[in-house]
Amino acid sequence: MINMFAYNIPFASIFIMMVAAIVTPLLPKRSRIPEKLSCYAIALVAVLSAYLLYALTYPGQSLSFNFPMGHFPAPWGNELRAGPLEAVLSLVFCVAMLLSLTGNFSSTAEDIAPGRRQIFCVLVNLLTASLLALTYTNDLFTAYVFIEINTIAACAIVAVKEGAETARAALRYLVMSLVGSGLVMIAICLLYDLTGHLLMQNMHGAILVLVTTKSYMIPLTVSLALITAGLAIKSALYPFASWLPDAHGTSTNASSAILSGLVLKGHIFTIIKIFYRVFGLDVIHMLRMDTAIFILGLVAMIMGSVHALRQNNVKRMIAWSSVAQVGYIFLGVGLNTTAGIAAACLHIIVHACVKPMLFTAAGGLSNAAGHKKGLHALMGTFYVNTWAGLGLIAGACSMMGIPGFAGFASKLSLTLASFDSSVVVWALAALATSSVLNALYYVPAVIVIMTHHKDAHKNFTAPKPTKLYKFSMFIFLTLNFYLGLFCVPLLRLITRGVNVL
Amino acid sequence: MNEELKNIWRAFFNWVMGNGPRPENEVIPPEPPPDLPFTQKPHDKYTRFHEATLKERYNQWLEIHGLHIFAILYTGLSVLTCIVIVSLLLATVAELPPFGHERNPANNEVIRRYVEHGGHETGAQNIVAGLILDYRAFDTFGESAVLFTAAVSVLMLLGASRRNKTDTHSLPSSNAMDAYSIHAPPMRHHTFRKDDVILRAVASLSIPVILMMGCVVVINGHLSPGGGFSGGAILSTALILCANAYGFERVHEFFNERTFIVSSSTALMIYALSKGYSFFTGANHIHSVIPKGTIGNILSGGLILPLNICVGLIVAGTLYGFYALFSEGDM
Amino acid sequence: MLEKLLLNHYEAAAVILSGIGLTNLLLQRNLIKKIIGLNIMDTAVYLFLAAKGYVEGRAAPILIENGSGGWLTSSALYVNPVPAGLVLTGIVVSVSVTAFALALTLKLYESYGTLNIDEALLKMTEEQEQLEAVIEEADEEVLS
């Protein structure tokens with residue numbers, strides 16, 4: 001049995017973020033209090049999650065527990081569930097969210113009108129709350145409700161920066177997301193009709209009965225396909241990813257970092273939960289959904305990078321690279337083994353740490369070049385903002401999979417996981433091709449920022465990076481190296497988490 | 001060999017300096033030797049000219065027909081997608097458990113407990129109210145949060161920006177993008193007629209009735225159909241009617257942006273705190289001090305009545321807020 | 001199959017309705033009409049859920065008095081209350097996202113003066129080209 005304090009942490013973390021979001025509009029406008037409140041609340045939740053992780057992995061403790069939301073036990077009331085995987089994911093989400101906010105503090109202040117900054121904080125708090133709820137929830141309908149909060153808040157933090165371009169990007173993102181959540185809703189209704197439950201483990205039991213008796217197979221397949229397609233649209237799996245570069249490329253840097261690093265991951269983790277906890281890997285394999293996901297992941301890995309090659313705007317390039325990285329995660333999910341899903345979760349964590357760093361670095365560099373985002377305009381900016389330059393270099397190395405950097409760890413574990421499956425050749429070929437393609441657009445970017453330019457210093461009148469920026473970048477870099485060098489205990493932890501999922 | 005390497009390096013360097021294509025699709029043009037006979041140049045020029053016209057022609061063709069072809073392709077694909085999805089879903093529906101049958105999988109032990117024990121476990125006569133505000137209260141809390149998120153986002157998009165519009169445009173804009181949104185069409189403002197006697201007379205009669213109706217639906221949410229969401233929607237229509245009959249200024253006097261934010265946030269906060277208490281006590285098996293009351297009484301159902309009032313306040317404010325923001329751009 | 005469809009005719013209607021909504025969403029170029037398509041899709045889901053909650057010959061899930069001061073609590077008397085709760089959530093979500101989508105549309109209209117997304121896209125690319133030209137000019141001035 002777990003101690004009482006740790007037992008209440010999943011509920012407390014969601015509750016703290018919700019209360020922070022609700023209180024923020026009451027705070028004085030045009031002050032820094034809302035931003036500070038958000039940061040402190042997220043930091044508090046991060047500390048709590050770390051403690052939960054410690055408590056769950058403490059020898060002699062049970063590895064996972066359910067938390068009923070109210071006085072009614074499992075099939076009647078809502079429920080939360082926590083295990084090592086949920087704890088580590090919420091810790092990473094909170095840390096990445098906090099660093100995305102602190103790292104882009106000054107660019108947020110420049111991009112967002114003072115009257116809107118308070119609302120930006122409300123939205124960030126709601127987004128964190130919904131991510132935590134998606135991580136911890138054990139109920140499919142609760143997941144749907146929080147997916148909707150996530151959708152509105154995510155589109156709103158794109159539109160928070162003034163301008164017609166962001167409004168258009170946000171609208172496009174919203175329409176695609178709504179199609180996705182519509183499909184998810186239909187699928188949940190179908191599943192409810194077939195099983196009579198909304199809670200994940202009860203649904204799982206009912207589905208196993210259906211499968212063994214071979215009844216309702218068509219509705220079951222269709223609902224699985226619909227829920228996967230809906231969540232795939234929201235997590236920007238390749239053929240449905242056309243909205244991503246607009247939304248991530250035009251918004252303010254903090255929003256881009258949050259959207260790319262975290263919002264996509266919340267939906268992917270929901271897919272993993274549905275595969276693992278609602279259907280079960282055997283049923284997924286029987287309904288052939290693993291093959292579909294695997295192929296889509298493969299295509300996304302290649303096509304995301306191909307699109308990124310054609311970009312001239314550094315933020316859009318990084319955004320398209322997210323599409324490729326989402327492909328890696330889906331490749332891991334599509335392997336349909338515990339090792340594959342553990343590797344996918346590791347890649348979720350790695351990408352949640354690296355992508356916000358890349359966006360923060362790109363923001364710092366384009367700020368140094370006088371708010372220009374074209375790749376050529378960034379020439380020589382490394383020497384103006386060295387921390388941002390280091391961040392971009394480390395992020396690029398990580399994306400290419402250079403040993404010692406975070407991306408290497410997850411690529412290695414994906415490779416190792418694919419050896420157990422029958423599709424190993426395809427997986428290895430795609431991993432190799434995608435890594436080369438990654439190098440083809442990240443290496444030139446690194447060379448550009450490090451090339452001396454005779455007019456550079458005369459032209460760049462940008463202020464020096466703030467202490468907060470340097471500090472956030474330092475933490476990002478540390479995380480990057482930590483994940484790259486000491487990933488084995490983390491991977492073991494994730495595997496344990498996946499096993500009890 | 002050395003020359004070739006140098007060429008590649010130069011091309012790459014040029015690209016880095018921003019005056020060349022990317023290295024992966026770079027074709028290094030062979031440099032013409034300086035002692036080339038003059039007579040060969042026209043031929044060379046001719047082929048280049050020819051290539052250019054082909055490319056140009058392709059571009060022109062693409063400009064004229066590209067959008068058209070894309071539109072046809074897009075329409076065809078969309079229709080195909082829709083047909084496939086609908087036929088798949090029809091096949092699914094045909095296989096689903098039969099309509100209205102009592103032995104369907106959804107009518108299981110969960111429903112039995114909701115109906116048979118819902119009354120004394122939640123204290124609500126309306127089982128749906130007990131379901132959404134007690135058994136599955138976390139979902140409903142999330143739902144109110146969705147409404148709150150949308151209200152805050154719409155307020156951000158329409159409220160603050162348009163009020164600032166006049167002063168941002170008179171100032172020289174720092175961001176070049178602002179300069180381009182000047183040619184925006186003027187907002188259509190609500191023309192308010194002060195002499196609309198019929199509207200005012202009807203409004204003065206019906207507003208109290210609507211308000212009363214809304215309050216009844218909210219307060220009786222645990223006893224009869226209705227509750228915070230439907231009652232709040234009714235209340236908001238009274239506000240909207242008032243705004244239309246007497247002008248937004250009259251509503252402003254008692255309900256403006258600040259009161260909206262304060263009332264919504266406070267109501268949601270009360271909801272969060274009271275439900276948080278109930279979640280906490282439930283999960284930790286602590287006895288909750290909230291009395292359930294007798295079924296059928298107005299003061300019954302534990303937290304359901306106060307929660308319905310909170311939700312009603314949020315919904316009424318938000319729906320009126322949407323109306324005011326969309327028609328006036330202000331609250 | 002047709003027989004079964006007739007048996008589940010409410011659900012079949014809901015599915016066709018959602019198909020209409022989806023087609024609207026994909027084919028309309030006007031943003032308001034697109035949003036209406038989304039709303040039709042949502043409405044189809046409510047119809048589907050309402051049909052799923054119905055059980056033949058049973059009453060709405062509000063407890064009925066049994067005449068001697070008690071309540072009739074037999075589960076054979078009332079329809080399934082869960083879909084009602086789900087529909088309520090669906091409606092609130094739909095209202096919220098519709099309002100947000102319309103607000104974004106209004107912003108877009110204020111900037112481009114059109115509701116057609118193709119025209120908006122064309123205007124946007126034009127503006128971007130102009131903007132780039134302006135920036136280049138400014139750069140040249142600074143450099144010279």
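Chains as they are written, first to last, in my numbering: chain A, 1 to 501; chain D, 1 to 331; chain U, 1 to 144. For each residue, glycine too, the CB sits at the ideal point set by N, CA and C.
Nearest neighbour of residue i, chosen from the options [CA to CA]
{"i": "P61(U)", "options": "S74(U), G113(U), A13(U)", "result": "S74(U)"}
{"i": "N385(A)", "options": "F408(A), K373(A), G363(A), I233(A)", "result": "G363(A)"}
{"i": "I271(A)", "options": "L440(A), G391(A), G261(A), L224(A)", "result": "L224(A)"}
{"i": "L106(U)", "options": "A11(D), A243(D), L158(D)", "result": "L158(D)"}
{"i": "M25(A)", "options": "F481(A), C121(A), I9(A)", "result": "Residue 25(A) is actually Pro in this sequence, not Met. It is C121(A) whose Cα lies nearest to the Cα of P25(A)."}
{"i": "G301(D)", "options": "S278(D), D134(D), T259(D)", "result": "D134(D)"}
{"i": "L281(A)", "options": "L335(A), H197(A), L491(A)", "result": "L335(A)"}
{"i": "L273(D)", "options": "A6(A), R492(A), V19(A), T166(A)", "result": "V19(A)"}
{"i": "V306(A)", "options": "A409(A), Y136(A), S435(A), E110(A)", "result": "S435(A)"}
{"i": "P10(A)", "options": "F67(A), V95(A), D193(A), M203(A)", "result": "F67(A)"}
{"i": "V184(A)", "options": "F146(A), N312(A), T166(A), A167(A)", "result": "F146(A)"}
{"i": "G296(D)", "options": "L26(U), G70(U), L7(U), L131(U)", "result": "G70(U)"}
{"i": "A44(U)", "options": "G67(U), L77(U), L72(U), G19(U)", "result": "G19(U)"}
Residue i and residue j closer than 8 Å at C-beta
{"i": "V92(U)", "j": "F229(D)", "result": "yes"}
{"i": "G205(A)", "j": "P105(D)", "result": "no"}
{"i": "L96(D)", "j": "E11(U)", "result": "yes"}
{"i": "N220(D)", "j": "G214(D)", "result": "no"}
{"i": "N8(U)", "j": "V86(D)", "result": "no"}
Below-8 Å beta-carbon distance, residue i vs any chain A residue
{"i": "G312(D)", "result": "no"}
{"i": "F38(D)", "result": "Any answer about F38(D) is weak, because its pLDDT of 47 lies below 50 and its placement is not dependable; what the coordinates show is given next. No, F38(D) does not count as interfacial toward chain A."}
{"i": "N8(U)", "result": "no"}
{"i": "S274(D)", "result": "no"}
{"i": "A59(U)", "result": "no"}
{"i": "E143(D)", "result": "yes"}
{"i": "Y112(U)", "result": "yes"}
{"i": "M41(U)", "result": "yes"}
{"i": "K52(U)", "result": "yes"}
Residue interval of the beta strand (DSSP E) (run including residue i)
{"i": "M69(A)", "result": "65–69"}
{"i": "E79(A)", "result": "78–82"}
Where the alpha helix (DSSP H) through residue i begins and ends
{"i": "V55(U)", "result": "Run containing V55(U): none; DSSP gives neither H nor E here."}
{"i": "D139(A)", "result": "Segment: none, D139(A) is in no alpha helix (DSSP H) and carries neither H nor E."}
{"i": "G296(D)", "result": "Taken as a continuous stretch (DSSP letters only), G296(D) belongs to no alpha helix (DSSP H), as it is neither H nor E."}
{"i": "D246(A)", "result": "244–250"}
{"i": "E143(D)", "result": "137–154"}
{"i": "H371(A)", "result": "Looking at the DSSP string, H371(A) is not in any alpha helix (DSSP H), and its letter there is neither H nor E."}
Proximal chain D residues relative to residue i, where beta-carbon distance stays under 7 Å
{"i": "L194(A)", "result": "P105"}
Cross-chain neighbours of residue i in chain U, by beta carbon under 9 Å
{"i": "F229(D)", "result": "L88, I91, V92"}
{"i": "E86(A)", "result": "Result: empty, since nearest Cβ-Cβ is about 24 Å, beyond 9 Å."}
Residue-chain proximity (residue i, chain U), Cβ-Cβ < 8 Å
{"i": "Y320(D)", "result": "no"}
{"i": "M185(A)", "result": "yes"}
{"i": "L89(D)", "result": "yes"}
{"i": "L390(A)", "result": "no"}
{"i": "P32(D)", "result": "Note that P32(D) has pLDDT 48, beneath the 50 cutoff, so the model's placement of it is unreliable and the number below is only indicative. Not one chain U Cβ lies under 8 Å of P32(D)."}
{"i": "S173(D)", "result": "Any reading at S173(D) needs caution, since the residue's pLDDT is 38, under 50, leaving its predicted position unreliable; the model's value is listed next. So no, S173(D) is outside the interface."}
{"i": "S258(D)", "result": "Checking the displayed sequence, the identity of residue 258(D) turns out to be Arg instead of Ser. No, R258(D) lies away from the interface with chain U (no Cβ there is under 8 Å from its Cβ)."}
{"i": "R188(D)", "result": "With a pLDDT of 49 at R188(D), under the threshold of 50, the predicted position of this residue should be treated as unreliable, though the coordinate-derived value follows. With 8 Å as the cut-off, R188(D) does not count as an interface residue toward chain U."}
Residues that residue i contacts on chain A, provided the C-beta gap is smaller than 7 Å
{"i": "E95(D)", "result": "Y216, I218, P219"}
{"i": "L104(U)", "result": "A159, A167, A170, L171, L174"}
Interface residues of chain U facing residue i [CB-CB closer than 7 Å]
{"i": "I152(A)", "result": "S96, V97, F100"}
Contact set between residue i and chain A, taken where Cβ atoms lie within less than 8 Å
{"i": "M269(D)", "result": "V19, I22, V23"}
Cβ of residue i within 8 Å of any chain D Cβ
{"i": "A133(U)", "result": "no"}
{"i": "V122(A)", "result": "yes"}
Residue i: contacting residues in chain D (beta-carbon distance under 8 Å)
{"i": "V82(U)", "result": "A106, V110, I111, Y114, L131"}
Beta-carbon neighbours of residue i, restricted to chain D and to distances below 9 Å
{"i": "I35(U)", "result": "By Cβ distance, chain D contributes nothing, its closest Cβ being about 13 Å from I35(U), past 9 Å."}
{"i": "T73(U)", "result": "V115, E116, H117, G118, G119, H120"}
Contacts of residue i in chain B (Cβ-Cβ under 9 Å)
{"i": "T75(D)", "result": "The chain labelled as chain B is not found among the protein chains of the depicted structure, namely A, D and U."}
Contacts that residue i makes with chain U (C-beta to C-beta distance below 8 Å)
{"i": "R136(D)", "result": "G85"}
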